[in-house]
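Worksheet: the structure to be examined is printed underneath.
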């Protein structure tokens with residue numbers, strides 16, 4: 131079973147601060163995705179990274195896929211209360227197109 | 626909006642009773658999945674389907690069965706519900722984007738409480 135360890139599990143910061151969430155594994159993934167989930171809703175895809183070393187930016191969010199495709203990070207610059215939510219990483223492997231999810235990071239941005 | 630509808634959205638049932646959750650998609654996607662989400666565990670795959678009548682087990686399949694008789698519908702059945710199956714259940718569908726990996730779209734979830 132492939133495992134994805136996500137850290138930190140909980141993060142509470144003030145508006146305007148920067149933060150980084152990490153997603154680590156001993157396994158290699160063909161791609162890695164980041165999702166954001168709000169209470170009472172399903173996860174929504176933010177980004178997919180597929181190439182080792184790839185960096186993608188989505189406004190104030192920067193996603194990086196490790197060179198060895200075993201880890202990833204999500205960096206948020208100048209966090210806003212609207213960024214509050216559960217952030218999940220998920221790695222894809224195997225021909226069945228299955229995803230292995232991390233346990234999530236619950237982010238709270240205080241005004 | 627990926628056109629996924631889950632039903633029921635909320636259900637309370639008694640231990641030992643059978644329960645069926647339904648997932649309906651309007652996108653004609655080949656792959657459909659059932660996940661459960663529990664605190665501290667993220668999302669864990671129960672079963673998935675890669676076509677009509679083609680299904681396979683995921684990480685936490687014990688106590689669950691699935692069926693897919695039509696492309697658009699994927700049913701998850703708890704033959705005899707237990708309290709450990711109290712959870713939020715998410716259906717998902719997937720398509721392969723060009724060079725972008727496996728894009729998965731999730732439904733809004735079904736909250737199941739087994740008392």
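Chains as they are written, first to last, in our numbering: chain A, 131 to 241; chain B, 626 to 740.
Don't be surprised by glycine CBs; every beta carbon is placed ideally from N, CA and C.
Helix, strand or coil for residue i? Go by DSSP, reduced to three states.
i                     : result
residue 201 (chain A) : strand
residue 710 (chain B) : helix
residue 213 (chain A) : helix
residue 699 (chain B) : strand
residue 239 (chain A) : strand
residue 670 (chain B) : strand
residue 221 (chain A) : strand
residue 635 (chain B) : strand
residue 681 (chain B) : strand
residue 676 (chain B) : strand
residue 723 (chain B) : Any reading at residue 723 (chain B) needs caution, since the residue's pLDDT is 46, under 50, leaving its predicted position unreliable; the model's value is listed next. Of the three classes helix, strand and coil, the one that applies to residue 723 (chain B) here is coil, per DSSP.
residue 705 (chain B) : coil
residue 133 (chain A) : coil
residue 650 (chain B) : strand
residue 142 (chain A) : strand
Could you name the residues of the same chain whose beta carbon sits closer than 6 angstroms to that of residue i, not counting the 5 residues immediately before and after it, in chain order?
i                     : result
residue 692 (chain B) : 700
residue 184 (chain A) : 195
residue 168 (chain A) : 215
residue 191 (chain A) : 206
residue 236 (chain A) : 140, 216
residue 173 (chain A) : 165, 167, 218
residue 204 (chain A) : 151, 164, 193
residue 630 (chain B) : 649
Taking only the alpha-carbon atoms, compute the straight-line gap between residue i and residue j and give it to the nearest angstrom.
i                     : j                     : result
residue 681 (chain B) : residue 671 (chain B) : 9 angstroms
residue 677 (chain B) : residue 149 (chain A) : 44 angstroms
residue 639 (chain B) : residue 667 (chain B) : 25 angstroms
residue 647 (chain B) : residue 186 (chain A) : 36 angstroms
residue 154 (chain A) : residue 234 (chain A) : 12 angstroms
residue 201 (chain A) : residue 720 (chain B) : 24 angstroms
residue 622 (chain B) : residue 650 (chain B) : Because chain B spans 626 through 740 in this model, residue 622 (chain B) falls outside it and cannot be assessed.
residue 212 (chain A) : residue 241 (chain A) : 10 angstroms
residue 644 (chain B) : residue 706 (chain B) : 7 angstroms
residue 735 (chain B) : residue 138 (chain A) : 27 angstroms
residue 655 (chain B) : residue 727 (chain B) : 12 angstroms
residue 710 (chain B) : residue 641 (chain B) : 11 angstroms
Based on Cα-Cα distance, which residue from the options lies nearest to residue i?
i                     : options                    : result
residue 712 (chain B) : B:647, B:644, B:690, B:739 : B:739
residue 674 (chain B) : B:635, B:637, B:694        : B:694
residue 665 (chain B) : A:160, A:238, A:237, A:232 : A:232
residue 704 (chain B) : B:650, B:662, B:690        : B:690
residue 686 (chain B) : B:661, B:649, B:633        : B:661
residue 702 (chain B) : B:663, B:688, B:634        : B:688
residue 156 (chain A) : A:239, A:238, A:136        : A:136
Report all residues from its chain with a CB closer than 7 angstroms to the CB of residue i; omit the five preceding and five following residues, and keep chain order.
i                     : result
residue 723 (chain B) : Any reading at residue 723 (chain B) is ruled out, since the residue's pLDDT is 46, under 50, leaving its predicted position unreliable.
residue 182 (chain A) : 195, 196, 197, 198, 199
residue 147 (chain A) : 209
residue 637 (chain B) : 738, 740
residue 144 (chain A) : 240
residue 179 (chain A) : 161, 162, 186, 193, 195, 202
Going by beta carbon distance, what residues of the same chain come within less than 8 angstroms of residue i, once the five residues before and after it are set aside?
i                     : result
residue 229 (chain A) : 163, 220, 221, 222
residue 177 (chain A) : 163, 164, 186, 188, 191, 193
Taking 8 angstroms as the threshold (beta carbon to beta carbon), is residue i in contact with chain E?
i                     : result
residue 133 (chain A) : Any reference to chain E falls outside this structure, whose protein chains are A and B.
Subject >> beta strand (DSSP E) segments (min. 3 residues) lying fully within the segment 151-206 of chain A >> reply: 161-167, 174-179, 185-188, 191-195, 201-206
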